[in-house]
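Q: Read top to bottom, the protein sequences are chains A and B.
Counting along the first sequence from 1, when you hit position 207 you're at 190 in the working numbering, and nothing is skipped either side.
Counting along the second sequence from 1, when you hit position 135 you're at 118 in the working numbering, and nothing is skipped either side.
Even glycine gets a Cβ: it sits at the ideal position worked out from N, Cα and C.
This one's a predicted model, so the numbers in the text were calculated from it and none came from an experiment.
2 protein chains.
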Amino acid sequence: MHFPSRMYLRSIAAFLTIAIFGLAHLPLAQAEATQLKTQVPGYYRTMLGQFEITALYDGPIGLDSKLLTNASQTDIQQLLAAKFVGTSKMQTAVNGYLINTGSRLVLVDAGAGKLYGDALGNILQNMKAAGYDANQVDAVVITHMHGDHIGGLLDASGQPVFPKADIYVSKADNDFWLSQKNADAAPVDRQRHFKSSRNIAAPFIENGKWKTFAAGTELVPGVKAVATPGHTPGHTSFAVESQGQKLLILGDLVHNHAVQFARPDVAIEFDTDQKQAVATRLAVFKEMAQNRELVAGMHLPFPGIGHVGTNGAGAYTWIPVEFSPLKK
Amino acid sequence: MHFPSRMYLRSIAAFLTIAIFGLAHLPLAQAEATQLKTQVPGYYRTMLGQFEITALYDGPIGLDSKLLTNASQTDIQQLLAAKFVGTSKMQTAVNGYLINTGSRLVLVDAGAGKLYGDALGNILQNMKAAGYDANQVDAVVITHMHGDHIGGLLDASGQPVFPKADIYVSKADNDFWLSQKNADAAPVDRQRHFKSSRNIAAPFIENGKWKTFAAGTELVPGVKAVATPGHTPGHTSFAVESQGQKLLILGDLVHNHAVQFARPDVAIEFDTDQKQAVATRLAVFKEMAQNRELVAGMHLPFPGIGHVGTNGAGAYTWIPVEFSPLKK
């Protein structure tokens, strides 16, 4: 059984109209629903004790699977295919997390801004869709000083996007990425990362809003910096806790869910110290899986909140939270 | 390093204010960002060839894990815990899918309406958030005549929610659920399902909008009814295809992703014929996994769109699509 096609009905109607009235006008067309082709806003909310957590989507970036190391391309392609991730350019989310503790509004990472093209740089827009304004942000705490985490601190004209916020970076990352000596010693193709870091930090250093912290510091009551080095020297995860409920915001401990949960020994070329990055990932995955603790990752599929499941000896699996309404 | 607490600053300010002005007024409080505690609207869009597919969230329902059959409760609890699904009341999504073919707007299943309490019945609200109006829906095609799929056809006053839509149900389900003989023969605790079906169908039968179809029928160009019996006698999946891209809307072929992908032999008490339901699930999972075809399920975690992955001999795994913007 087919529905009678509207095109067909219109053809008949047009024929009749023409037959009766000649070519003077077309028949009244029945309205068709226009395809909207818009996506739902890129935010997702969950409560953690008394803290409200809003995941914010900055956008997708395509990464070449050849950036992954310590495994054969055959193995990597198989792992990607098993999880239905495109095997040439791996779709990779960029996420930020907005924590409203009830007295402080803290953004964890600022996304890429327009450093990596137009597909990214949507955190501000999605924050607005989620009901918050850039002026309300008290602090931006940074997991590490890569462009897809700090690019969103400045707008296209070089002005701070979150005008009232202090920016908090780990002292180790600050000292590494802002060092002219390290920049000069870096391979030529990496020097732009050092330059970009300095450019982004400069206006905040000038206006006194660039702050550094030591690992272990509790930056806001309930938000503690945890050293998880390897990806960068000062790479930091943030342990968030309210009323005994815990969330570890991993930062860049994992870049691809399809590969690095099954094979946590796989690193990525972006890691400053791949060996240390693997050791850190193994330790954190082990602890999070044992404790069944909630985690969030800047490059896990949006909203990037979920659990580290176990999947046989030494292997893990990514288990995203289920979409849920907020309890009233 | 702590941020100075606003509460602390306010205390100092209050002290100073009191010291200077006495108790006449409190100091101007710095605005704190109020927690919003709203969830992102429950819709998610994806393109399938030239068809626009919008997943619509009706809401969550908690199901007792004891409803699952053919496995020990120990095994079931382990499978649920491994996927971080609550083990007493299993969180279970209710989803619908809106297909805009470009010339027809077809809703697949209408959700529960208010038949099962206030947590469900959100399809219409989410459809509006997604930019569509109930008046635009040309047809509602029904996977099967259970209350959480047809309850949303009528509003609280018993009026059709989608006033212009024809309602399409399989002849086998129509004949089974609207039969007084079957109702009389059913166990007492199931008779209300028959009664509810008749109540919901009645106004549409009266106004001539209740239509039945045979398995295999192409209801709209690109949307074909596929018989997948067991859960109900006339249970139907819908094979959607545009420009060679395929999506099989499973209906209720699976009620719990954590258990029934790993153990497709596990059935649920709601199945009219559990043995047939298992056989159908096994056949469809096998075909979808082999063909790597996109599927959608009414009770898979919202948006419920993804793939059937393989996970060892005879076992499968649910692989949700990654949140993605729509291509411009």
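#1: Report back the beta-carbon spacing between VAL123 of chain A and ALA93 of chain A to the nearest angstrom; my notes put them in contact at under 8 Å.
#2: Beta strand (DSSP E) containing SER225 of chain B: first to last residue?
#3: Are the CB atoms of LEU277 of chain A and LYS345 of chain A within a distance shorter than 8 Å?
#4: Quick one: what's got a C-beta closer than 8 Å to THR84 of chain B's C-beta in the same chain, skipping five residues either side?
#5: Would you list the residues sitting across from TRP301 of chain B in a DSSP beta bridge?
#6: State yes or no: is the beta carbon of ASN83 of chain B nearer than 8 Å to at least one beta carbon in chain A?
#7: Could I get the ranges of all uninterrupted beta strand (DSSP E) runs contained in the region 155 to 211 of chain A, with 3 residues as the minimum, in chain order?
#8: What does the alpha-carbon distance come out to for the pair PRO284 of chain B and LEU63 of chain A?
#9: Using three-state DSSP, classify VAL276 of chain A as helix, strand or coil.
#10: Please report the distance separating the alpha-carbon of ALA298 of chain B from that of ARG28 of chain B.
#11: In three-state terms, what does DSSP make of ASN53 of chain B?
#12: So GLY261 of chain B packs on LEU236 of chain B, CB below 8 Å; how close in whole Å?
#13: Mind reading off the beta-carbon distance from THR215 of chain A to HIS129 of chain A? Whole number of angstroms is fine, and I expect it under 8 Å.
#14: Should ALA16 of chain A and GLN119 of chain B be called a contact, given that it needs their Cβ atoms to be closer than 8 Å?
#15: Applying the 10 Å Cβ sphere with the 16-neighbour rule, what's the burial state of GLN56 of chain A?
#16: Would you kindly work out how many angstroms separate the C-alpha atoms of ASN190 of chain B and ASP138 of chain B, rounded to a whole number?
#17: Does DSSP put GLY5 of chain B in a helix, a strand or coil?
#18: Say whether chain E places a C-beta atom closer than 8 Å to the C-beta of ILE302 of chain B.
#19: Determine, using beta carbons only, whether VAL144 of chain A and ALA169 of chain A come nearer to each other than 8 Å.
#20: Can you give the Cα-Cα distance for PRO247 of chain B and LEU103 of chain A, rounded to whole angstroms?
#21: Please report the straight-line C-alpha distance between ILE288 of chain B and ILE302 of chain A, rounded to a whole angstrom.
#22: Going by Cα to Cα distance, which pick from B:VAL89, B:PHE306 and B:VAL304 is closest to ASP149 of chain B?
#23: Tell me whether ARG264 of chain B is buried or exposed, calling it buried when 16 or more other Cβ atoms sit within 10 Å of its Cβ.
#24: Grab me the residues of ALA95 of chain B's own chain with a C-beta within less than 7 Å of its C-beta, minus the 5 sequence neighbours each way, in chain order.
#25: Spatial neighbours of HIS290 of chain A within its chain, please: C-beta separation below 6 Å, excluding the five flanking residues on both sides.
#26: Just the chain B side, please: which residues come within less than 7 Å of HIS238 of chain A by C-beta, in chain order?
#27: Tell me which residues share the same chain as VAL209 of chain B and place their Cβ nearer than 8 Å to its Cβ, disregarding the 5 neighbours each side in the sequence.
#28: The beta strand (DSSP E) spanning GLY42 of chain B covers which residue range?
#29: Within 8 Å of any Cβ in chain A, is that where the Cβ of GLN108 of chain B sits?
#30: Could you tell me which whole beta strand (DSSP E) segments of length 3 or greater appear in the region 75 to 159 of chain B?
#31: Could you tell me which whole beta strand (DSSP E) segments of length 3 or greater appear in the region 224 to 262 of chain B?
#32: For LYS20 of chain A, which three-state DSSP category applies?
#33: Relative to the C-alpha of GLY280 of chain B, which candidate in B:GLY234, B:PRO146 and B:GLN259 has its C-alpha closest?
#34: Leaving out five residues before and five after PRO43 of chain A in sequence, what residues of the same chain have Cβ atoms less than 7 Å from its Cβ?
#35: Going by beta carbon distance, what residues of the same chain come within less than 6 Å of PRO308 of chain A, once the five residues before and after it are set aside?
#36: Give me the chain A residues within the contact set of ARG246 of chain B, using Cβ-Cβ distance strictly less than 9 Å, ordered along the chain.
A: Checking against the coordinates, here is how it stands:
#1: 5 Å
#2: 219 to 225
#3: For residue 345 of chain A there is no data in the structure shown, the boundaries of chain A being -16 and 311.
#4: GLN33, PHE34, VAL203, PRO204, GLY205, VAL206 and SER225
#5: B:VAL291
#6: yes
#7: 193 to 196, 201 to 203 and 206 to 210
#8: 22 Å
#9: In the sequence on display, residue 276 of chain A carries Glu and not Val. The answer is coil: DSSP assigns GLU276 of chain A none of H, G, I, E or B.
#10: 29 Å
#11: coil
#12: Inspection of the sequence shows that residue 261 of chain B is occupied by Val rather than by Gly. The Cβ separation is near 10 Å, so there is no contact.
#13: 7 Å
#14: yes
#15: exposed
#16: 16 Å
#17: At GLY5 of chain B, the pLDDT of 37 sits below 50, so the modelled position is not reliable; the number obtained from the coordinates is stated separately. Three-state result, GLY5 of chain B: coil.
#18: Judged by its chain identifiers, the structure shown contains no chain E, and its protein chains are A and B.
#19: no
#20: 40 Å
#21: 16 Å
#22: B:VAL89
#23: buried
#24: ASP41, VAL77, LEU103, GLY104, GLY130, ASP131, GLY134 and GLY135
#25: ILE302
#26: By Cβ distance, chain B contributes nothing, its closest Cβ being about 14 Å from HIS238 of chain A, past 7 Å.
#27: ALA198, GLY199, THR219, SER220, PHE221, ALA222 and LEU231
#28: 34 to 47
#29: no
#30: 88 to 91, 122 to 124 and 149 to 153
#31: 228 to 234
#32: coil
#33: B:GLY234
#34: GLN74, THR75, ALA76 and ALA102
#35: none
#36: Near ARG246 of chain B there are no residues of chain A at all, since even the closest Cβ is about 16 Å away, more than 9 Å.
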